[in-house]
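If you read the sequence shown in the numbering used here, its first letter stands for residue 10, the second for the next number, and so on.
Using N, Cα and C, we set each Cβ at its ideal position, and we do this for glycine too.
Okay, so here's the structure we're looking at.
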Amino acid sequence: MTLVVEDLVKHYRTREGPVRAVDGISFAVESGQTLGLVGESGCGKSTTAKMLVRLVRPTSGRILIDGEDIASTRGAALTRMRGRIQMVFQDPHASLDPRLTAGSTLGEVLAVRRIVRDRVERRARVNELLELVGLTASVADRYPHQLSGGQRQRVGIARALAVEPEIIVLDEPLSALDVSVRAEIMNLLTRLRDELGLTYVFISHDLGMVRHVSDRIAVMYLGQVIELGGWRAVSDAPLHPYTRSLRDAVPVPDPELESQRLVTTLRGEVPDALNPPAGCRFHPRCPHAEDRCQAEVPQLREITQRHEAACHFSEQLYPEARGLLSS
Ligand code: ADP
Ligand code: MG
Numbered sequence: 010m011t012l013v014v015e016d017l018v019k020h021y022r023t024r025e026g027p028v029r030a031v032d033g034i035s036f037a038v039e040s041g042q043t044l045g046l047v048g049e050s051g052c053g054k055s056t057t058a059k060m061l062v063r064l065v066r067p068t069s070g071r072i073l074i075d076g077e078d079i080a081s082t083r084g085a086a087l088t089r090m091r092g093r094i095q096m097v098f099q100d101p102h103a104s105l106d107p108r109l110t111a112g113s114t115l116g117e118v119l120a121v122r123r124i125v126r127d128r129v130e131r132r133a134r135v136n137e138l139l140e141l142v143g144l145t146a147s148v149a150d151r152y153p154h155q156l157s158g159g160q161r162q163r164v165g166i167a168r169a170l171a172v173e174p175e176i177i178v179l180d181e182p183l184s185a186l187d188v189s190v191r192a193e194i195m196n197l198l199t200r201l202r203d204e205l206g207l208t209y210v211f212i213s214h215d216l217g218m219v220r221h222v223s224d225r226i227a228v229m230y231l232g233q234v235i236e237l238g239g240w241r242a243v244s245d246a247p248l249h250p251y252t253r254s255l256r257d258a259v260p261v262p263d264p265e266l267e268s269q270r271l272v273t274t275l276r277g278e279v280p281d282a283l284n285p286p287a288g289c290r291f292h293p294r295c296p297h298a299e300d301r302c303q304a305e306v307p308q309l310r311e312i313t314q315r316h317e318a319a320c321h322f323s324e325q326l327y328p329e330a331r332g333l334l335s336s
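Listed below in structure tokens is the structure:
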């Protein structure tokens, strides 16, 4: 199995004009691997996730699973393709129906998708799914408000697993959780990936978080991928000034401050996706920007082996870019 994204674009139509949420991104994920997708709030991560699971229709571009384009698939073929790729949402509270018990949530997926038709068998499969995510069968009778945040996210993960997908898109799956349960859920996710041979697209605003789970990392800025490479190369030896500033941002334990910390590390705010800057989109905030950066769009290009960056000056700025380090 291979997941390939080719020149994917989503422009939301608004009264003010098109919001360029995702503006031509490409990447590939191999079977059993994890691609980390990182970037500040508003850079287009969730829009990408929603396009991958067909909750949002792309403006253009292709999403290929084993060469088959899910963007143009319809009818029965679409249902089958949808079963191959599932999503775990950031906020399990918002994504679970408050009127359904955990058991009904999972049972409904099994019934609607016609995975288990028999009621008694369905009940057994629900218990199996709960067990798979580290919950006891008694959780089946509880409503979302009767569960802890960690338990709710486990139910969200079980729901994604119910259709036996090959690929799971995890959109900031730990962000809404208490710091104390994040490690547990992270361990669960990596165990499930390895045991079930799953392929992940793991989204986070925190480079420090994705580096531990990813095989490769794609860094997004204002709707574009500006760096792509092996996890170690991207997190330890970034070739783009934006990735450097993400890496050098010191974590703040307070979640309120956490969301602001990049703003204070980087100069200025993220520009509006309605009116992205000309040339390099990062140039107004870049400490190394020169005239060329305002005029000429830097293409994502391979700088060292399998390590790409979209900066005119990677080689001048970073000795790693001169081939001293390979990913
Ligand atoms: P992220 O998940 O990285 O925070 P999003 O994909 O949610 O980013 O948003 C990317 C950009 O698209 C932002 O500027 C956001 O305001 C805008 N956006 C997201 N959803 C919509 C929508 N439904 N209509 C208009 N603009 C949207
Ligand atoms: Mg998001």
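message = What does DSSP give as the partner residue(s) for Glu77 in the beta ladder?
response = Ile74
query = Is Asp180 near ligand 2, with its Cβ less than 7 Å from a heavy atom?
reply = yes
key: Neighbour-count burial assignment, Val306, 16 or more Cβ in a 10 Å radius   = exposed
ask   = Hey, how far is the Cα of Pro90 from the Cα of Arg202?
value = Per the sequence shown, residue 90 should be read as Met rather than Pro. The alpha-carbon atoms of Met90 and Arg202 are separated by roughly 19 Å.
key: Residues whose Cβ lies closer than 5 Å to any heavy atom of ligand 1, in chain order   = Tyr21, Val28, Ala30, Ser50, Gly51, Cys52, Gly53, Lys54, Ser55, Thr56, Ala282
Close beta carbons around Asp16, own chain, < 6 Å, minus the five adjacent residues each side = Gly33, Ser35, Gly70
request  = Could you work out which residue in Ser40, Val18, Gly217, Ala319 is closest to Glu175 when comparing CA atoms only?
outcome  = If we check each option's Cα against that of Glu175, Ser40 comes out closest.
task = Specify whether the region 165-173 and the region 95-111 touch according to this definition: at least 3 beta carbon pairs, one from each stretch, less than 8 Å apart.
result = yes
task = Buried or exposed for Pro107, please, with buried defined as at least 16 other CB atoms from any protein chain shown within 10 angstroms of its CB.
result = Around the C-beta of Pro107, fewer than 16 other C-beta atoms lie within 10 Å, and the residue is accordingly described as exposed.
request  = Determine the burial state of Glu311: buried for a count of at least 16 other Cβ atoms within 10 Å of its Cβ, exposed for fewer.
outcome  = exposed
query = Thinking C-alpha only, which one of Gly84, Arg66, Gly158, Arg200 is nearest Gln42?
reply = Taking only the C-alpha atoms, the option nearest Gln42 is Arg200.
inquiry  = Taking a contact to mean a Cβ-Cβ separation below 8 Å, would you say Leu248 touches Ala330 in this structure?
reply    = yes
task = Under 7 Å Cβ to Cβ from Gln160, same chain only, skipping five residues before and after it: list those, please.
result = The beta carbon of Gln160 sits closer than 7 Å to the beta carbons of Leu144, Val148 from its chain, once the five residues preceding and following it are set aside; these are given in chain order.
query = Beta-carbon of Met195 versus every beta-carbon of chain C: anything under 8 Å?
reply = No chain C appears in this structure, which consists of one protein chain only.
inquiry  = Distance check for His316 and Gly239, CA to CA, integer angstroms please.
reply    = Computed Cα separation, rounded: 7 Å.
Limits of the unbroken alpha helix (DSSP H) element including Leu190 = Note that residue 190 is Val in the sequence shown here, rather than Leu. Element bounds for Val190: 188-205.
key: Span separating the alpha-carbon of Asp187 from that of Gly158   = Straight through space, the alpha carbons of Gly158 and Asp187 are spaced by roughly 7 Å.
ask   = Which value, in whole angstroms, describes the spacing of the CA atoms of Val118 and Leu197?
value = 21 Å
key: Buried or exposed by the 16-neighbour rule on C-beta atoms within 10 Å, applied to Glu25   = exposed
Three-way DSSP call (helix, strand, coil) for Gly158 in this model = Of the three classes helix, strand and coil, the one that applies to Gly158 here is helix, per DSSP.
task = For Gly76, count neighbouring C-beta atoms within 10 Å of its own C-beta (all shown protein chains included) and say buried if the count is 16 or more, exposed if not.
result = exposed
task = Identify which residue in Asp127, Ile74, Met229 has its Cα closest to the Cα of Val347.
result = The first residue shown for the chain is 10 and the last is 336, placing residue 347 beyond what the model contains.
ask   = With which residues is Gln233 paired in a DSSP beta bridge?
value = Tyr230
ask   = Out of curiosity, what's the CA-to-CA distance linking Val234 and Leu309?
value = 8 Å
query = What are the start and end residues of the beta strand (DSSP E) that includes Arg310?
reply = 310-313
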